[in-house]
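Here the structure comes first, spelled out in structure tokens, and everything after it is commentary.
Protein chains: 2
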Amino acid sequence: MSKPLYGLVEAGGTKFVLGIAHGPDEVLATTRIPTTTPDETIAAMCNWLAGQGPLVAVGVATFGPVEVDRTSLQWGHILATPKAGWSNTNLVGPLVQRLGCPVGLDTDVTAAALAEYRWGAGQGQPSVLYFTIGTGVGGGAVIGGKPLAGISHPEMGHIRLPLHPEDVGFGGVCPFHGTCLEGLASGPAVKARYGVSLSELPGDHIGHDVVAWYIAQAAVTAQAMFEPGRIVLGGGVMDTPGLIDRVRCTAERLGNGYFRSRAGEIVTLPGLGDRSGLLGALALAEAALR
Amino acid sequence: MSKPLYGLVEAGGTKFVLGIAHGPDEVLATTRIPTTTPDETIAAMCNWLAGQGPLVAVGVATFGPVEVDRTSLQWGHILATPKAGWSNTNLVGPLVQRLGCPVGLDTDVTAAALAEYRWGAGQGQPSVLYFTIGTGVGGGAVIGGKPLAGISHPEMGHIRLPLHPEDVGFGGVCPFHGTCLEGLASGPAVKARYGVSLSELPGDHIGHDVVAWYIAQAAVTAQAMFEPGRIVLGGGVMDTPGLIDRVRCTAERLGNGYFRSRAGEIVTLPGLGDRSGLLGALALAEAALR
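Residue numbers (this note's numbering), protein chains in the order written: chain A, 800 to 1089; chain B, 800 to 1089.
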């Protein structure tokens, strides 16, 4: 009996990463297609996957907002988004129609949390949060092995935070909330203040402390709200050398020994590196088959 | 066949409320005992419950921090607490020994969330958060019908918040975090600023706006982290006339239309009034029997 072959989709605002895999250690092929119009991008996605042979299931880890409620008629649709042309786009329907197999879908960050829970830094933990700190900031959670959703998926990038004393006066870049986590710690927020990315700043620049402080505030808020087993921090900004250690130290200091978990232990980089997203799609595909 | 009789314990720092019930609409008797020493208080609790006839199960909704992990040897123990003499107190053991029936236990706020989910303002919702805003501030959650816990129960009262522009300079009353939610919006935080409780302030006093703003920040943070179906606000501070409407309006404004849920719809007073805690104990007792 041949091993089941899964189709993987990591749908982002600038590119779609596609793949096929037997399992987390057997990703057989991947490709990238640019995110252009929905019609063009979705056709290219379906064509590539259909050409890889019979798939038992497909997992889609997507940018949001997206309808994650399987009982909704809108399930699998991108909801109102500033990304031109993509509001109300059905990501799942064309895959089901073309490939005739079960499809699982969640946000990219919830999928990454699932991958880290199953195969990465969150293995064996009662709950795992995953934040991406990049061009945008988002977060997802897996609790008791299940993706967290309420009446929709979380929007963890949009928690409002106190301003760092050295950052007072900065209004943040989030068009909705100004000084929320995304408005303060995303890549564009760093560039808006300092003109360059965090890794381009000198190592002794205050910007390192400021950005670490905001990410640490988010981590401590996550501790208070969930007391999770792991808080995994991914995304381009987290590639900055030394940042994870600054975040850990600052979060320890902010928590001040109050929480059961120690930030220095539970705050971590992805165990799967930059594969969290695509392997999240694999986890969603496997779940869709069950 | 006679209806099952449940024992209910709402364990607080100043008093224990005890009760027996067949169900949420059939609470047959309640009593209050002062919280003195653990030995004295626990003996009085066991005596009263034992005198009520055979109980099929007991539910304990308690102040924290408390070990909620049933697989831990410390399960049901109050953990390190500033309340003199109560650290490492076993709440569950004496009940099991004396009454010989299953015991369920969780924090008072998680129990209240469970009661609101089952019989109150959160019925039919995918997830329900319950905050108490009183002498202390805490929060709990029920997700997919299950109490939320990670490596411990949440400590939602200790999220740090931005300061209200009219409140800059106030350092908060939380000995651990200063200006966290508890440090800014608890009863003692109100008295530290204004000398009286919120309901004793004139209706046009800025304190109403300031406190509502902090509670609204917490509600919006909860929206971002969970997108819950309901955020239930209980506790003595919420008895202030007009406060819930101020919180709703402010939360709508702070969220700025970004979240899927509307704060004006999901932020609510307890559907069970001041019975959330004791009926939470009932929900825990029922769960212990299953």
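Every residue, glycine too, gets a C-beta built ideally from N, C-alpha and C.
- Distance from the CA of N1055(B) to the CA of C1048(B), rounded to the nearest whole angstrom, comes to 11 Å.
- In the three-state scheme derived from DSSP, where H, G and I count as helix and E and B as strand, T978(B) is classed as coil.
- Within 10 angstroms of the beta-carbon of S951(A) lie 16 or more other beta-carbons, which makes it buried.
- The C-beta of H957(B) comes closer than 9 Å to at least one C-beta of chain A.
- Under a criterion of Cβ atoms nearer than 7 Å, no residue of chain A is adjacent to P987(B); the nearest Cβ is some 17 Å distant.
- For P964(B), the closest C-alpha among the options D966(A), P961(A), E965(A) is that of P961(A).
- For Y1057(B), the chain A residues whose C-beta falls within less than 8 Å of its own C-beta are E954, H957, F975, H976, listed in chain order.
- Taking the Cα of R1061(B) as reference, the smallest distance to any Cα among T835(B), E1026(B), P953(B) is reached at E1026(B).
- Separation of the CB atoms of S1075(B) and E839(B) is rounded to 27 Å, and the pair is thereby denied contact status at 8 Å.
- Under a 10 Å Cβ-count criterion, L872(B) is classified as exposed, with fewer than 16 other Cβ atoms of the shown protein chains found around its own Cβ.
- By the C-beta density criterion, H1004(A) is exposed, having fewer than 16 other C-beta atoms within 10 angstroms.
- At least one CB of chain A lies nearer than 9 Å to the CB of V1019(B).
- DSSP, read as helix, strand or coil, puts C1048(B) in helix.
- The C-beta distance from V936(B) to R1029(B) rounds to 18 Å, too long to meet the 8 Å contact threshold.
- Counting C-beta pairs with one atom in each stretch, the region 1011–1020 of chain A and the region 932–947 of chain B have fewer than three that are closer than 8 Å, which means they do not touch.
- The residue from V891(A), G943(A), A1021(A), V1036(A) with its alpha-carbon nearest to that of H876(A) is V891(A).
- Taking 9 Å as the cut-off, the Cβ atoms of L983(A) and D966(A) count as close.
- Proximity to Q1016(A) across V808(A), Q896(A), V1066(A), Y993(A) peaks at V1066(A), based on C-alpha coordinates.
- No Cβ-Cβ contact shorter than 9 Å links G1079(A) with A883(A).
- Beyond the five residues adjoining it in sequence on each side, T906(B) comes within less than 6 Å, by CB distance, of G863, G939, H952 in the same chain, given in chain order.
- Proximity to R897(A) across A849(A), R1089(A), A828(A) peaks at A849(A), based on C-alpha coordinates.
- With fewer than 16 other CB atoms across the displayed protein chains lying within 10 angstroms of its CB, L827(A) is exposed.
- Straight through space, the alpha carbons of G899(B) and V1019(B) are spaced by roughly 44 Å.
- Looking at the DSSP output, A820(B) sits in a beta bridge with Y805(B), V826(B).
- Secondary structure note for A860(B): its beta strand (DSSP E) is the uninterrupted segment 856–861.
- One Cα belongs to R1089(B), the other to G919(A), and the distance between them is close to 34 Å.
- Contact of M1037(A) with chain B is not assigned, every C-beta pair being separated by 9 Å or more.
- Among the CB atoms of chain A, none fall inside 9 Å of the CB of A911(B).
- Residue environment analysis places P1069(B) among the buried positions, since at least 16 neighbouring C-beta atoms fall within 10 angstroms of its C-beta.
- Per DSSP, the unbroken alpha helix (DSSP H) holding R917(B) starts and ends at 907–918.
- Rounded to whole angstroms, the gap between the alpha carbons of I958(A) and A1023(B) is 6 Å.
- By alpha-carbon distance to V1036(A), the top candidate from G986(A), A856(A), G943(A) is G986(A).
- In terms of beta-carbon proximity, Q1016(A) lines the interface with chain B, with at least one pair separated by less than 9 Å.
- As far as DSSP is concerned, C845(B) takes part in no beta bridge.
- Between T931(B) and A1021(B), the alpha-carbon positions lie close to 14 Å from each other.
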